[in-house]
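Data first, discussion second: the structure below is written as structure tokens.
Chains as they are written, first to last, in the working numbering: chain A, 254 to 450; chain B, 3 to 167.
If you want it as structure tokens, here you go:
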């Protein structure tokens, strides 16, 4: 688990750097938590299956395929957008097309940067597909990422990350859900024995 | 109105049954299908949160039958029958099976919602259970709740608001 934590740290550290460059201001990152969690526990982490969230989803392809989600609460999404030069939040219940598109791009950059550090660290090729953005119940969104697990374990890797810009906290969560066949590859690449059960 | 009358929760890839005044609820259905069976005479209902269409891909020995359409539906039926439900009275309703993310040229996995719906229908057909109502498809999540005394299925979604079938 320490190795996984290290992977999470490096990935999130790079994502914070990418966000700093994007916003052109220093961004710190709180030490993330890395955990293996069951499906139910994962949705609990974002406030329950019914909790409304914004999610950027990327399918990961390459040697260790999987699903990567960057999840934000509506408040965190608004915070993130309002700190980007040129984007004034229009207010109101829903985000505009422009705001959604910006959010999708930020998620894409963060997730891509997270993924490339994981790929470097494991020496496994992993590359993201075009991102998709959704705003819906957390359970409905995350359930989609867990489908490949139909045939085996009910756990997924959760990397919990908080970004800090000055005094402002922007809380976002990365969920990396490797496909079942990717688990042993990732563990092997990290030099950790893989327990098949 | 009594809000907290016994609510039976059904998690992802889970199933359960209830009777009389209880409600059975499952939250955050996306591509998963919430399938319900109801015997109006006995006021017995059951719900399964089906995740995948077929158990063919399951590994030997550790299969969760609630996870797959082809195994969850017969299991739900036999649990109801064990509690005294009358087979000929049992009717089905279902909701969910949406496509949460749209991708151009999506793989089979991307179509999992519609496939879950088709597979549930096949399983019901095979058991001769009539499907009397459904609210499936779309690209949004749903939370559903069946009232075990009436068989009414309440559906809530972020995008479409509440609905009853």
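Note that beta-carbon positions come from the ideal geometry of N, C-alpha and C, so glycine has one too.
### Query
What do you reckon, is the C-beta of residue 320 of chain A under 7 Å from a heavy atom of the ligand ATP?
This structure lacks the ligand ATP, and indeed carries no ligand of any kind.
### Message
Check whether chain A comes within 8 Å of residue 14 of chain B, counting only Cβ atoms and requiring the distance to be less than that.
### Response
In the second chain, residue 14 of chain B corresponds to position 12, counting from 1. At a cut-off of 8 Å between C-beta atoms, residue 14 of chain B counts as an interface residue with respect to chain A.
### Query
At least one CB of chain A closer than 8 Å to the CB of residue 114 of chain B: is that the case?
Taking the second chain and counting its residues from 1, one reaches residue 114 of chain B at position 112. Interface criterion met: the Cβ of residue 114 of chain B is under 8 Å from a Cβ in chain A.
### Query
Who are the near neighbours of residue 165 of chain B in its chain, counting only those whose CB is closer than 7 Å to its CB and skipping five residues on each side?
Counting from 1 along the second chain, the entry for residue 165 of chain B is found at position 163. These residues qualify, in order along the chain: 137 and 157.
### Query
So, using beta-carbon positions, are residue 390 of chain A and residue 30 of chain B closer together than 8 Å?
Numbered from 1 along the first chain, position 137 holds the residue referred to as residue 390 of chain A. Numbered from 1 along the second chain, position 28 holds the residue referred to as residue 30 of chain B. Yes, Cβ-Cβ distance for residue 390 of chain A and residue 30 of chain B is below 8 Å.
### Task
With a threshold of 16 other CB atoms inside 10 Å of the CB of residue 43 of chain B, please say whether the residue is buried or exposed.
On the second chain, residue 43 of chain B is found 41 positions in, with the first residue counted as 1. Under this definition residue 43 of chain B is an exposed residue.
### Task
Using alpha carbons as the reference points, say which of B:119, B:118, B:79 and B:90 lies closest to residue 20 of chain B.
For the purposes of this step, residue 20 of chain B is identified with residue 18 of the second chain, where counting begins at 1. The residue from B:119, B:118, B:79 and B:90 with its alpha-carbon nearest to that of residue 20 of chain B is B:79.
### Message
Which residues does DSSP list as the beta-bridge partners of residue 307 of chain A?
### Response
Looking up residue 307 of chain A in the first chain gives position 54. DSSP output for residue 307 of chain A lists A:325 and A:388 as bridge partner(s).
### Message
Cβ closer than 9 Å: which chain A residues qualify as neighbours of residue 30 of chain B?
### Response
Here residue 30 of chain B refers to the residue found at position 28 when the second chain is read from its first residue. At a beta-carbon threshold of 9 Å, the residues of chain A lying near residue 30 of chain B are 296, 301, 302, 303, 304, 389, 390, 391, 392, 393, 394, 395 and 396, ordered along the chain.
### Message
Buried or exposed for residue 101 of chain B, going by 16 or more other Cβ atoms inside 10 Å?
### Response
Looking up residue 101 of chain B in the second chain gives position 99. When all chains shown are included, residue 101 of chain B counts as buried.
### Task
Go ahead and label residue 312 of chain A buried or exposed: buried means 16 or more other beta carbons lie within 10 angstroms of its beta carbon, across all protein chains shown.
As a working mapping, residue 312 of chain A is identified with position 59 in the first chain. Per the 10 Å Cβ criterion, buried.
### Message
Let me make sure I understand the geometry here. Which of A:303, A:272 and A:429 has the alpha-carbon closest to that of residue 393 of chain A?
### Response
For the purposes of this step, residue 393 of chain A is taken as residue 140 along the first chain, with counting starting at 1. Nearest of A:303, A:272 and A:429 to residue 393 of chain A, Cα basis: A:303.
### Task
Would you mind reading off the limits of the alpha helix (DSSP H) that contains residue 82 of chain B?
Along the second chain, one-based indexing puts residue 82 of chain B at 80. Membership of residue 82 of chain B in the alpha helix (DSSP H) is indicated by the continuous run 71–84.
### Query
Can you tell me whether DSSP reads residue 142 of chain B as helix, strand or coil?
Stepping through the second chain from its first residue, residue 142 of chain B is reached at position 140. The answer is coil: DSSP assigns residue 142 of chain B none of H, G, I, E or B.
#### Entry: Nonlocal neighbours in the same chain, by C-beta distance under 7 Å from residue 142 of chain B, ignoring five residues either side
Taking the first residue of the second chain as position 1, residue 142 of chain B is located at position 140. Excluding positions up to five away in sequence, the list reads 100, 159, 160, 161 and 162.
#### Entry: Span separating the alpha-carbon of residue 388 of chain A from that of residue 86 of chain B
For the purposes of this step, residue 388 of chain A is taken as residue 135 along the first chain, with counting starting at 1. For the purposes of this step, residue 86 of chain B is taken as residue 84 along the second chain, with counting starting at 1. Linking residue 388 of chain A to residue 86 of chain B through their CA atoms gives a straight-line distance of about 42 Å.
### Query
Taking the C-alpha atoms as reference points, what is the distance between residue 89 of chain B and residue 113 of chain B?
On the second chain, residue 89 of chain B is found 87 positions in, with the first residue counted as 1. On the second chain, residue 113 of chain B is found 111 positions in, with the first residue counted as 1. Distance from the CA of residue 89 of chain B to the CA of residue 113 of chain B, rounded to the nearest whole angstrom, comes to 32 Å.
### Query
Quick one: is residue 322 of chain A near chain B, going by C-beta distance under 8 Å?
Position 69 of the first chain, counted from the start, is the residue given in the question as residue 322 of chain A. Taking Cβ atoms only, chain B never reaches closer than 8 Å to residue 322 of chain A, which makes this a no.
### Query
At a CB-CB cut-off below 9 Å, which residues of chain A make contact with residue 33 of chain B?
Position 31 of the second chain, counted from the first residue, corresponds to residue 33 of chain B. Chain A residues near residue 33 of chain B: 393, 396, 397 and 400.
### Query
Mind pulling the chain B residues with CB within less than 8 Å of residue 293 of chain A?
Stepping through the first chain from its first residue, residue 293 of chain A is reached at position 40. Chain-order list of chain B residues neighbouring residue 293 of chain A: 13 and 14, by C-beta distance under 8 Å.
### Query
Any beta-carbon of chain B closer than 8 Å to the one on residue 310 of chain A?
As a first step, residue 310 of chain A is located in the first chain; it is residue number 57 there, counting from the start. With a threshold of 8 Å between beta carbons, residue 310 of chain A makes contact with chain B.
### Query
For residue 100 of chain B, which beta-bridge partners are listed by DSSP?
The sequence position of residue 100 of chain B within the second chain is 98, counting from 1. None, per the DSSP bridge assignment.
### Query
What residues in the segment 127–152 of chain B have a beta carbon less than 9 Å from any beta carbon of chain D?
In summary, chain D is missing from the structure at hand, where the protein chains are A and B.
#### Entry: Within chain A, partners of residue 88 of chain B - CB distance below 7 Å
For this step, residue 88 of chain B is matched to residue 86 along the second chain. Going along chain A, no residue has its Cβ under 7 Å from residue 88 of chain B, so there is no contact; the nearest lies around 33 Å.
### Query
Is residue 385 of chain A close to chain B, meaning its C-beta is less than 8 Å from at least one C-beta of that chain?
Residue mapping note: residue 385 of chain A aligns to position 132 of the first chain, counting from 1. Closer than 8 Å to the CB of residue 385 of chain A there is at least one CB belonging to chain B.
### Buried versus exposed call for residue 146 of chain B [16 or more other C-beta atoms within 10 Å across all chains shown]
Locating residue 146 of chain B in the second chain gives position 144, counting from the first residue. It counts as buried.
### 8 Å Cβ cutoff met for residue 39 of chain B and residue 131 of chain B
Here residue 39 of chain B corresponds to residue number 37 of the second chain, with the count starting at 1. Here residue 131 of chain B corresponds to residue number 129 of the second chain, with the count starting at 1. Contact check for residue 39 of chain B against residue 131 of chain B passes: the beta carbons are separated by less than 8 Å.
### Query
Considering only residues of the segment 17–49 of chain B, which uninterrupted alpha helix (DSSP H) runs meet the minimum length of 4 residues and lie entirely inside it, listed in chain order?
Fully enclosed alpha helix (DSSP H) runs of 4 or longer: not present.
### Query
Should residue 357 of chain A be labelled buried (16 or more other beta-carbon atoms within 10 Å of its own) or exposed?
Taking the first chain and counting its residues from 1, the one referred to as residue 357 of chain A is at position 104. Around the beta-carbon of residue 357 of chain A, 16 or more other beta-carbon atoms lie within 10 Å, marking it buried.
### Query
Going by the CB atoms, is the gap between residue 33 of chain B and residue 425 of chain A shorter than 8 Å?
Within the first chain, residue 425 of chain A is the residue found at index 172, counting from 1. Within the second chain, residue 33 of chain B is the residue found at index 31, counting from 1. Contact flag unset, no.
#### Entry: Between the CA atoms of residue 266 of chain A and residue 98 of chain B - distance to the nearest angstrom
Here the question's residue 98 of chain B lines up with position 96 in the second chain. Here the question's residue 266 of chain A lines up with position 13 in the first chain. Roughly 38 Å between the two C-alpha positions.
### Task
Just tell me which of A:377, A:373 and A:381 has its CA closest to the CA of residue 437 of chain A.
Along the first chain, read from residue 1 onward, the residue named residue 437 of chain A stands at position 184. Among A:377, A:373 and A:381, the Cα nearest to that of residue 437 of chain A is on A:377.
### Query
Roughly how far, in whole angstroms, is the beta-carbon of residue 129 of chain B from the beta-carbon of residue 75 of chain B, given that I think they are within contact range, below 8 Å?
Taking the second chain and counting its residues from 1, the one referred to as residue 129 of chain B is at position 127. Taking the second chain and counting its residues from 1, the one referred to as residue 75 of chain B is at position 73. 7 Å between Cβ atoms; contact.
### Message
Using a 10 Å radius around the Cβ and a threshold of 16 neighbouring Cβ atoms, would you call residue 27 of chain B buried or exposed?
### Response
Taking the second chain and counting its residues from 1, one reaches residue 27 of chain B at position 25. That one is buried.
### Same chain, Cβ closer than 8 Å to residue 68 of chain B, neighbours up to 5 away in sequence not counted
As a position in the second chain, residue 68 of chain B is number 66, starting the count at 1. Correct list, in chain order: 15, 16, 17, 50, 51, 52, 74 and 77.
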